[in-house]
Amino acid sequence: MFRAKKNYNNIIALGFLITSILFNSIFNEFSLSANLNKYFNIQFLLIYFFSFNRFIFFSIIPLFFLGLVNDSITGSPFGMSSCIYILIYKIAVYQNTIKLRSIFKAEWIAFGISIFAAYILIFIIYFFMGNIYDFRVLIYNFLGTFFIYPIGWIFLKYIFLKMETVGNE
Amino acid sequence: MQADNSWFDKSNLRVFIVFIVCFGFIYLDSINQKIFNKTKSIINDAVAYASYGVTYPVKKIVALPNFIKETIKLTDQHQQIKALENQIEELTQQNKFLKKDFKKFETFLSEENSVKFETIKAKVLIEAKNFISDSFIINKGSESGLKIGNPVIKNNYLIGQITEVNQKTSRGIFLTDVNSRIPVLVGENLYQAILIGSPLVTSKLSLEFLPKNSELKNGDIIYTSEIEGVLKKGILVGTIIKSNENEKNMKNDYSIKQNYEKLEVDYVSVLVK
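So the protein sequences, as listed, match chains A and B. At position 123 of the first sequence (counting the first as 1) the number is 122 in numbering that gives the first Met the number 0, and the numbers step up by one without a gap. At position 35 of the second sequence (counting the first as 1) the number is 34 in numbering that gives the first Met the number 0, and the numbers step up by one without a gap.
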């Protein structure tokens with residue numbers, strides 16, 4: 000009984016990440032040329048949250064393949080997203096093991112550190128590949144992702160707590 | 000338990016290997032290695048069609064209200080066109096002189112050599128955006144004769160360029176992409192400039208390398224300039240909109256209006272010759 004409920008949550012969590020990868024393609028139908036991914040990165044938030052809370056599908060191999068899918072869709076250097084996803088995953092798991100989960104503030108700061116490392120990695124890869132980029136975009140995106148974490152956290156906690164309650168009933 | 004808490008333990012070997020694989024991929028991608036490119040092309044094709052298949056039902060459901068609105072609008076427009084056709088018929092019958100004049104004009108048009116481009120029609124499978132790129136994937140690739148640099152047109156306006164060609168799909172970047180650089184001619188004086196996409200503001204374009212003494216007017220049209228074998232001269236790009244007529248700010252105070260909405264980019268034409 001418990002296992003069935005847990006798997007259901009894991010599949011939904013994975014569904015969230017896949018939807019976020021296909022986010023623009025789907026949500027373009029709603030609004031005119033709005034590119035919300037410019038201001039924050041939902042994928043980083045989801046990967047950190049689900050890895051930190053140890054959801055089953057959020058491990059190295061699925062994240063590696065999802066990263067390749069994301070690179071294939073967005074046209075980023077092949078392998079870059081996998082690298083970043085795994086970096087965020089690894090930092091999140093490490094922070095989980097040192098018991099950061101009890102205080103939200105600590106979790107939030109830890110999230111900031113993990114995405115900061117991710118953006119540094121993006122910067123390094125783009126720099127060495129000679130791709131054109133704007134420094135400000137990276138900074139704005141980092142800040143946007145960092146400040147949206149509490150909202151995402153409340154939303155995801157609410158959904159998964161609700162689902163657990165329904166499952167228990 | 001202790002092994003879990005340590006950063007450099009045996010369990011991290013897998014992470015290390017995956018990192019090496021990822022960096023290997025990035026390296027092979029950057030040097031355009033042939034076998035890797037072919038494999039990547041197959042993966043890109045598969046991902047593009049799979050993503051299209053996954054998002055298709057959702058898109059259709061979401062687009063349903065718009066589709067109904069458009070159908071109603073088209074029915075109205077069709078009736079208007081029919082009424083206009085009737086009016087034209089009446090007028091031509093009433094005025095034989097005009098009819099003769101029209102025939103002369105028709106002969107003149109048929110004698111003129113109109114400029115024709117060879118195009119390939121393609122369907123946009125996915126619009127792929129992230130914080131750095133602003134691109135789309137179409138369902139035509141090298142099999143259909145597409146090449147890197149081919150201009151992408153919608154409603155006679157340039158909307159982007161092909162940047163990556165796979166076997167069955169291709170990636171194009173919108174003019175608003177940070178990597179987009181298009182040589183253009185602006186206004187009546189045909190000032191040469193480079194049209195550059197801005198990464199910060201959506202749908203914002205800017206003109207770089209404009210001559211110092213250039214003066215842009217409201218409504219000035221932007222055309223493409225020629226790059227031999229890549230870009231044809233004279234493709235419409237957009238229009239200059241002057242928001243403020245203040246003389247001091249004449250040079251910089253403008254925006255560029257593109258005559259398409261990104262939502263409408265469902266089918267495009269790619270200029271191949």
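Beta carbons: idealized from backbone N, C-alpha and C, even for Gly.
Whole angstroms are fine: how far does the CA of Ala49/B sit from the CA of Asn43/B?
10 Å
Strictly by DSSP, which residues pair up with Glu207/B?
Ile193/B
The ligand HEM heavy atom lying under 8 Å from the CB of Tyr139/A:
No copy of the ligand HEM occurs in the structure displayed, which carries no ligand at all.
Taking contact to mean at least 3 C-beta pairs separated by less than 8 Å, is the region 137 to 148 of chain B in contact with the region 14 to 26 of chain B?
no
Going by DSSP in three states, Ser224/B sits in which element: helix, strand or coil?
coil
State the CB to CB distance for the pair Gly74/A and Arg170/B, rounded to an integer number of angstroms; the pair is presumed to be in contact (CB under 8 Å).
5 Å
What separation, rounded to the nearest whole angstrom, lies between the Cα atoms of Ile181/B and Lys156/A?
47 Å
What are the residues of the region 135 to 155 of chain A that lie near chain B, defined by any Cβ-Cβ distance shorter than 7 Å?
Arg135, Val136 and Asn140
So which residues of chain B does Pro76/A contact, with C-beta pairs closer than 9 Å?
The contacting residues are Phe24, Ile25, Asp28 and Ser29.
Chain B partners of Ser19/A, CB-CB under 8 Å?
What Ser19/A touches in chain B: nothing, since even the nearest Cβ is about 11 Å away.
For Asp283/B, is the classification buried or exposed, using 16 other Cβ atoms within 10 angstroms of its Cβ as the cut-off for buried?
One cannot answer for residue 283/B here, as it falls past the ends of chain B, which runs 0 to 272.
Measure the Cβ-Cβ separation of Gly78/A and Phe130/B and say whether it is below 9 Å.
no
Inspect the CB distances between the region 209 to 217 of chain B and the region 159 to 176 of chain B and report whether three or more fall short of 8 Å.
no
Where the alpha helix (DSSP H) through Arg13/B begins and ends:
Leu12 to Ser29
Where does Arg249/A sit, in a helix, a strand or coil, going by DSSP?
Past the edges of chain A, shown from 0 to 168, lies residue 249/A, and the structure says nothing about it.
Could you list which residues in chain B have their beta carbon closer than 9 Å to that of Ile114/A, in chain order?
Neighbours of Ile114/A across chain B, judged by C-beta separation under 9 Å, do not exist; the nearest C-beta is about 12 Å away.
Among Leu45/A, Val92/A, Arg135/A and Asn8/A, which one has its Cα closest to the Cα of Tyr148/A?
Leu45/A
Going by C-alpha distance, which of Val92/A, Gly151/A and Tyr125/A is nearest Asn11/B?
Val92/A
For Met128/A, go through chain B and note every residue whose CB falls closer than 9 Å to its CB, in chain order.
Ile25, Asp28 and Ser29
In chain order, what residues of the same chain lie with their CB nearer than 6 Å to the CB of Glu253/B, ignoring the 5 residues before and after it?
Just to set this straight, residue 253/B is Tyr in the shown sequence, not Glu. Cβ within range, chain order: Leu215, Ile239 and Lys241.
On the three-state DSSP scale, how would you describe Gly151/A?
helix
Under 7 Å between beta-carbons, which chain B residues line up against Ser50/A? List them in chain order, please.
Near Ser50/A there are no residues of chain B at all, since even the closest Cβ is about 12 Å away, more than 7 Å.
CB contact flag (Phe48/A, Gly151/A, <9 Å):
Contact flag set, yes.
Report the CB separation of Asn69/A from Ile20/A in whole angstroms; it is logged as a contact under 8 Å.
Your pair Asn69/A and Ile20/A checks out as a contact, with CB atoms roughly 5 Å apart and the cut at 8 Å.
What is the DSSP secondary structure of Gln79/B, reduced to helix, strand or coil?
helix
Let me check understanding here. Comparing Cα to Cα, which of Arg135/A, Asn95/A, Ile153/A and Leu142/A lies closest to Ser197/B?
The option with the nearest alpha carbon to Ser197/B is Arg135/A.
Nearest-angstrom Cα distance between Leu27/B and Phe35/B?
7 Å
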